[in-house]
Every structure is written in structure tokens, then in C-alpha cells.
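Enquirer: In the numbering used here, the protein residues as written are -9 to 210. Positions of the beta carbon are idealized from the N, C-alpha and C atoms, including for glycine. The structure displayed is predicted, hence computed values, not measured ones. My structure is below; once you've seen it, I'll send some questions.
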Amino acid sequence: MRKEERFRRLIDYFSTNMPVAETELDYTTPYELMVAVILSAQCTDKRVNLITPALFEAYPDAEALSKASVDDIFSLIRSCSYPNNKAKHLSGMSKKLLTDFKGEVPSDINELQTLPGVGRKTANVIASVIFNAPAMAVDTHVFRVSKRIGLTTNSKTPLDTEKQLMKYFPEDLVPKAHHWLILHGRYVCIARKPKCDECGIKDICKYFISKEKKKLKEIS
């Protein structure tokens, strides 16, 4: 199957079966999403959603957060992964957001990456979710699922995966496609034991097809 056909059939499937695909992080403002995404690095969205209500109540905007000490921030996020580093990142991010951007979350991916704790993946999430920009954030789920299905070829880095995916997804679908791949990886195409029996795109999946061929070879 040609890669173009694989993408087309994947788009058709998810457009029908997952027409609404959104982040599972709870937020109400761009600032809140920024904080949540920084906290979500190597941490589950469920855990982040347990942490952020108290954090946002204490520090509802960048100005409030900028006045908090790193220790105070740490005390509210200590149950997430790497709380020491993330507390420092949140403190630095809020201060720079005020000084450089007047407290407003920028839409430009390069500008976003100047903020402490904001790498390319986080910047792409913000640009995609808040500003509906054609930005493909590649996390561990997107990287794994894209490789398994056969959407990417010989991809060694998240940036390489991002470039390959952007080549085939129509720009207007990129924000939604990002969540299709994340949610598929989170609930169906999981890391250790993918639930192939529950997968609606296994007929186009290189991993599944290869696995079935191996079974047939063992039987014959």
C-alpha cells in the first residue's frame, strides 16, 4: 500500500469514528493550557488534571504565578513527575510571559519556545489547540503509533516524525490529526500490548499485517 493511500484511509476512518478529537487536559485560558502542558511532560493528563485546580485557584494568571516562590509552586505540583524542574520552569515561564509578551501567550512557535519549560512539542500543542495552527506535536504516542502504522519511515527523532506527518496530512486537519494519533495510542495502540482486536485501522497497519503474516508462516 502506498503511503498516500494509508493516510487517506486513516483520515477517512477517524473523520467518521472520531469527528471530535481534543486535548484531555482541563483548561479555560491559554495560560492554563500552557501550565498544564508543561506539567504533562512525562506525566499523565489524568494526574495533571488532579493538580491544576488548586494551582489555578492560587495562581489564576501569569502575573499571580510570577509572584509565587518556586517552593510554593512546588508544594502544589509535587505529585507530578519532576516537580522541582517544573516548578522552576513555571516560575520562569510566568515572568518571561509578563516581561516579553505582556502576559499574553504568543501564537508563534518560535516565540513560544523562548519560554522556560516550552520545547517544540509544547509549543506545537499550544499553537495547535489554542490557535488552531497546522502544528503537529509529536509525543511518545504519536511517535510510536506513526511508526507502527507505517505513516513514517525510518524516523529516528520527533522532529523527523513531525516533518513526515506534515507532508501527508492536509493543513486544516493537522490539529485534529494530532489528537487522533495521541488518543489512538493512549487507548488502543498502547505501548506494550496494542489492542489490535479493537483497532479499526488494523487493515492498513504495517505492524498488524506483519504480525499476521508471521502467524501464518508459523502455522504453515
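Verify whether the separation of the beta carbon atoms of Gly107 and Ile191 is less than 8 Å.
Expert: The sequence position of residue 107 within the sequence shown is 117, counting from 1. The sequence position of residue 191 within the sequence shown is 201, counting from 1. No, they are not a contact pair.
Enquirer: Taking its Cβ as the centre, do 16 or more other Cβ atoms sit within 10 Å of Glu208, making it buried, or is it exposed?
Expert: Looking up residue 208 in the sequence shown gives position 218. It is exposed - the Cβ of Glu208 has fewer than 16 other Cβ atoms within 10 Å.
Enquirer: Kindly provide the ranges of any alpha helix (DSSP H) runs that are 4 or more residues long and lie completely inside the segment -1 to 36, ordered along the chain.
Expert: With a minimum length of 4 residues, the continuous alpha helix (DSSP H) runs that stay inside the segment -1 to 36 are 20 to 29.
Enquirer: With 16 as the cutoff for other CB atoms within 10 Å, does Asn7 come out buried or exposed?
Expert: As a first step, residue 7 is located in the sequence shown; it is residue number 17 there, counting from the start. Label assigned to Asn7: exposed.
Enquirer: Below 7 Å CB to CB, which residues in the same chain sit around Tyr21 once its five sequence neighbours on both sides are set aside?
Expert: Taking the sequence shown and counting its residues from 1, one reaches residue 21 at position 31. Result list for Tyr21: Asp51, Ala52, Val95, in chain order.
Enquirer: Return helix, strand or coil for Cys189, following the three-state DSSP convention.
Expert: What you label residue 189 is simply residue 199 of the sequence shown in a count that begins at 1. Residue state, collapsed to three classes: coil.
Enquirer: Can you give the beta carbon distance from Ile120 to Leu15, rounded, assuming they're within the 8 Å contact cut?
Expert: Start at 1 with the first residue of the sequence shown, and residue 120 comes out as number 130. Start at 1 with the first residue of the sequence shown, and residue 15 comes out as number 25. Going by Cβ atoms, the distance from Ile120 to Leu15 rounds to 12 Å, so no, they are not a contact pair.
Enquirer: Does DSSP put Phe159 in a helix, in a strand, or in coil?
Expert: Counting from one through the sequence shown, the residue named residue 159 turns up at place 169. Coil at Phe159, not helix or strand.
Enquirer: My understanding is that Lys196 touches Gly140, with C-beta atoms under 8 Å, so please give their C-beta distance in whole angstroms.
Expert: As a working note, residue 196 is residue 206 in the sequence shown. As a working note, residue 140 is residue 150 in the sequence shown. Sure, about 4 Å apart at Cβ, within 8 Å.
Enquirer: Could you check which residue in Thr112, Lys137, Val25 has the C-alpha nearest to that of Met126?
Expert: By 1-based counting over the sequence shown, the position of residue 126 is 136. Per the Cα distances, Thr112.
Enquirer: What is the residue span of the alpha helix (DSSP H) that Thr112 lies within?
Expert: For the purposes of this step, residue 112 is identified with residue 122 of the sequence shown, where counting begins at 1. From DSSP, the alpha helix (DSSP H) with Thr112 extends over 110 to 121.
Enquirer: By DSSP, does Asn74 sit in helix, in strand, or in coil?
Expert: Along the sequence shown, read from residue 1 onward, the residue named residue 74 stands at position 84. Helix, per DSSP.
Enquirer: Where does the unbroken alpha helix (DSSP H) through Thr142 begin, and where does it stop?
Expert: If you number the sequence shown from 1, residue 142 lands on position 152. Premise fails: Thr142 is in no alpha helix (DSSP H) and is neither H nor E.
Enquirer: Would Leu80 and Ile41 qualify as a contact pair, given that the criterion is a beta-carbon distance under 8 Å?
Expert: In the sequence shown, residue 80 corresponds to position 90, counting from 1. In the sequence shown, residue 41 corresponds to position 51, counting from 1. Taking 8 Å as the Cβ cut-off, Leu80 and Ile41 do not qualify as a contacting pair.
Enquirer: Say whether the segment 129 to 140 touches the segment 168 to 179, bearing in mind that this needs 3 or more beta-carbon pairs closer than 8 Å, one atom from each stretch.
Expert: Short answer: they touch.
Enquirer: Considering Cα atoms alone, identify which of Val164, Thr147, Ala77, Ile199 is closest to Lys212.
Expert: A question about residue 212 goes unanswered here, because the residues of the chain that appear run from -9 up to 210.
Enquirer: When you compare each of Thr142, Thr34, Glu161 to Arg(-4) by their alpha carbons, which one comes out closest?
Expert: The count along the sequence shown starts at 1 and reaches residue -4 at position 6. The option with the nearest alpha carbon to Arg(-4) is Thr142.
Enquirer: Helix, strand or coil: how does DSSP classify Glu53 here?
Expert: To locate residue 53, count along the sequence shown from 1; it is residue 63. Note: Glu53 maps to helix in three-state DSSP.
Enquirer: Here's the rule: buried if 16 or more other CB atoms are within 10 angstroms of the residue's CB, otherwise exposed. What is Glu47?
Expert: For the purposes of this step, residue 47 is taken as residue 57 along the sequence shown, with counting starting at 1. Counting Cβ neighbours within 10 Å, Glu47 comes out exposed, since fewer than 16 surround it.
Enquirer: For Arg182, name the three-state secondary structure that DSSP assigns.
Expert: Position 192 of the sequence shown holds residue 182. Of the three classes helix, strand and coil, the one that applies to Arg182 here is coil, per DSSP.
Enquirer: If you draw a straight line from the C-alpha of Ile116 to the C-alpha of Ser97, how long is it?
Expert: Here residue 116 refers to the residue found at position 126 of the sequence shown. Here residue 97 refers to the residue found at position 107 of the sequence shown. If I take the Cα positions, the gap works out to 8 Å.
Enquirer: Ends of the alpha helix (DSSP H) at Pro106?
Expert: Here residue 106 corresponds to residue number 116 of the sequence shown, with the count starting at 1. It is not in any alpha helix (DSSP H) - Pro106 carries neither H nor E in the DSSP assignment.
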